[in-house]
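Before any comments, here is the structure.
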Amino acid sequence: MTTNKKFIVLSDGSIYEGIGFGSDDEVLGEIVFNTSMTGYQEMLTDPSYRGQILVSTYPMIGNYGVTDQFNESNKVQVKCYVVRDLCEDPFHYSNNKNLNEFLKENGIPGIHSVDTRALTRKIRKFGSKMAIITNNPNIENALIKIDEFGAYEGTNYVDQVSVKNIQRYEIKNNNFEIALIDFGVKKNIVRLLNSRGCNVEVYPWNYNFNKLDLKKFDGIVMSPGPGDPKTLLNDLSGIKKCIESLPTLGICLGHQIIAHIYGGETFKLLFGHRGGNQPVKELESGRVYPTSQNHGYAVSDKNFPYELDITHMNINDDTVSGLKHKNKPIISIQYHSEACPGPVDSEYVFDNFIELVKKEK
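Residue 414, in the working numbering, is where the sequence shown stops; the numbers in between run on with no holes.
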């Protein structure tokens, strides 16, 4: 493993030093942090991290290695992985490579021995920023590159992670046909739907949904995904037609798109919600669930659409975490009920969706 110095330069000119691992590429992206103690492989392969430099707040990373079965997509999605202590000699019964090897074979740089505590405090106080990972500590040169690269908000990252062609996942003992709109779907969403008796047909985000054969399906799932939902709002008429015809579940970005369809707004959070212990309150029951979350935008409760009701709230900052349509079988959540990584307490959301499907079938 290389021992070359690397530097993280933020758009405000602050600089953090560490040691490189993985590939030796220079990269730029929005820098964010995740507070989960485990699940680094699932995080690295989560399409919702596309275009971002990920910082783990938990100090020891890599201790159980990497196993292909834990990938949530077909490749590493982050721009760079920033850690405090990198374990070079992992142990796990299913481990077949270490984190350094995993990043290197995916062409992704990492940087360890970074003061991630100070870096996280910076992001928490001043917000997520654009940053560059570089071998050159020249701040002036780094800031020029960051300025030329542009802001995270203006890029459609969904187009980079969504499938290009329709894909189908069938099971033998199936009861339902589900159309899944892929804004950046994780593998566990398909697994959980399959385990509940659903054949799943995955569609590209920009498919002409006005042409979707609705008679073929029993329900719609709108997946999570990366970036600002406002980059996806050119024409939602086809998706609106689908979700008003069939029971629908929206997850994370899918939840935000549903809000926009009915005239709602989204806004950028200061530093986002990323971790496996975000407390969410179900308003009807008063019950609080620990949830897995990974998003930098949220649905605004200002000028809220008449057709929708708020069903869940984030306890930490009172942001909207769940919606339902007043008259149609449409539900959505801001958190990741599929976890991977994180607690599985909210898998019940998939059961609720299946109940909606059964009632309407």
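Beta carbons are placed, not taken as given, at the ideal position from N, Cα and C, and that holds for glycine. This one's a predicted model, so the numbers in the text were calculated from it and none came from an experiment.
Is it the case that the CB of residue i approaches a heavy atom of the ligand FMN more closely than 7 Å?
i             : result
aspartate 235 : Among the components of this structure there are no ligands whatsoever, and the ligand FMN is therefore not found.
Using a 10 Å radius around the Cβ and a threshold of 16 neighbouring Cβ atoms, would you call residue i buried or exposed?
i              : result
methionine 113 : exposed
glutamate 413  : exposed
alanine 204    : exposed
glutamine 346  : buried
glutamine 122  : exposed
proline 277    : buried
lysine 128     : exposed
lysine 411     : exposed
leucine 267    : exposed
glycine 317    : buried
leucine 323    : exposed
tyrosine 350   : buried
glycine 237    : buried
If we ignore side chains and look at the alpha-carbon of each, how far apart do residue i and residue j end up?
i                : j                 : result
aspartate 168    : alanine 184       : 16 Å
isoleucine 314   : valine 214        : 22 Å
glutamate 335    : asparagine 124    : 30 Å
leucine 361      : asparagine 149    : 47 Å
aspartate 271    : leucine 409       : 10 Å
phenylalanine 60 : phenylalanine 179 : 20 Å
proline 100      : aspartate 200     : 25 Å
lysine 377       : threonine 173     : 34 Å
glycine 416      : histidine 165     : No statement about residue 416 is possible, as the shown extent of the chain runs from 54 to 414 and does not include it.
proline 143      : valine 243        : 30 Å
phenylalanine 74 : glycine 118       : 15 Å
threonine 344    : isoleucine 292    : 27 Å
arginine 340     : lysine 217        : 40 Å
Would you say residue i and residue j are within 8 Å of each other, going by their C-beta atoms?
i              : j                 : result
glycine 280    : asparagine 209    : yes
lysine 294     : phenylalanine 262 : yes
tyrosine 388   : serine 374        : yes
isoleucine 234 : glycine 307       : yes
glutamate 83   : glycine 66        : no
valine 136     : glycine 163       : yes
methionine 275 : isoleucine 311    : yes
lysine 24      : serine 89         : Given a span of 54 to 414 for the chain in the structure shown, any question on residue 24 remains unanswerable.
leucine 63     : lysine 182        : yes
tyrosine 222   : asparagine 189    : no
proline 396    : methionine 96     : no
Who are the near neighbours of residue i in its chain, counting only those whose CB is closer than 8 Å to its CB and skipping five residues on each side?
i              : result
isoleucine 219 : Glu254, Val255, Tyr256, Pro257, Tyr260
threonine 120  : Gln94, His145, Ser147, Asn148, Asn149
asparagine 151 : Gly115, Gly118, Val119, Cys140, Glu141, Asp142, Pro143
valine 352     : His308, Gln309, Ala312, Gly317, Glu318, Thr319, Thr372, Val373, Leu376, Gln387
glycine 250    : Ile224, Asn226, Asn227, Asn228, Phe229, Ile407
Can you find the residues in the same chain that come closer than 7 Å, C-beta to C-beta, to residue i, ignoring five residues on each side of it along the sequence?
i             : result
leucine 286   : His313
glutamate 297 : Lys381
lysine 269    : Glu230
Enumerate in chain order the residues of its own chain whose CB-to-CB distance from residue i is below 6 Å, with the five nearest sequence positions on each side excluded.
i                : result
cysteine 133     : Val80, Ile106, Pro162, Ile186
phenylalanine 86 : Val108, Thr110, Thr173, Ile176
glutamate 206    : Asp281
serine 399       : Tyr342, Thr344, Ser390
Can at least three beta-carbon pairs, one atom from the stretch 295-310 and one from the stretch 370-386, be found at a separation below 8 Å? yes
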